[in-house]
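In our numbering, the protein residues as written are 157 to 301.
We put the beta carbon where it would ideally sit given N, CA and C, even for glycine.
Predicted model only: the values in this text are computed from it and were never measured.
This is the structure:
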């Protein structure tokens, strides 16, 4: 799961890797539309497994932060509305998720994006943030390792 869920710069939401072409990736939106589209090398594509959050000590992988959020929310969608919450509310909420987060380098927009991504993943039924992809997942991916 971690390698096949992608964020694409400039495009909202998250995407699932469906297939690989000769010069592009075929991705599917994780939202209700399930729209498929090509993503090219010129797009800044990042796997969720490659993202980390700044803390006062070491950076924490995004999957660990998402797992903390899942534990806090007991597997349900986030109890805070990231679009309407004030900056103070977002920071207080995020402190419950990751107490040692770096208050200088993590911005409110980062917290909003994290909560938004968490909600997208929960709605899509993706909640095993720390488990590796099983052999039955991602059957459309040709060169699985």
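Query	Result
How many angstroms separate the CA atom of residue 284 from the CA atom of residue 217?	14 Å
Terminal residues of the continuous alpha helix (DSSP H) containing residue 275?	264–279
Do you know whose CA, among 173, 220, 223 and 215, lies nearest residue 261's CA?	215
Quick one, are the C-beta atoms of residue 192 and residue 164 less than 9 Å apart?	no
Cutting at 6 Å between CB atoms, please list the residues of its own chain near residue 202, excluding the five before and the five after it.	163
In chain order, what residues of the same chain have a beta carbon less than 7 Å from the beta carbon of residue 253, not counting five sequence neighbours either side?	221, 224, 225 and 228
What does the alpha-carbon distance come out to for the pair residue 209 and residue 167?	20 Å
What residue range does the beta strand (DSSP E) around residue 172 cover?	171–176
Taking only the alpha-carbon atoms, compute the straight-line gap between residue 207 and residue 278 and give it to the nearest angstrom.	18 Å
Which residues mark the beginning and the end of the beta strand (DSSP E) in which residue 253 is found?	Careful: residue 253 lies outside any beta strand (DSSP E), inside the alpha helix (DSSP H) at 243–253.
Measure the alpha-carbon distance for residue 247 versus residue 270 and round it to whole angstroms.	12 Å
Roughly how many angstroms separate the alpha carbons of residue 172 and residue 244, rounded to a whole number?	32 Å
Within 10 Å of its beta-carbon, does residue 256 have 16 or more other beta-carbons around it, so buried, or fewer, so exposed?	exposed
Below 8 Å on the Cβ atoms is my contact criterion, and I expect residue 186 with residue 280 to pass it. Report the Cβ-Cβ distance as a whole number of Å.	4 Å
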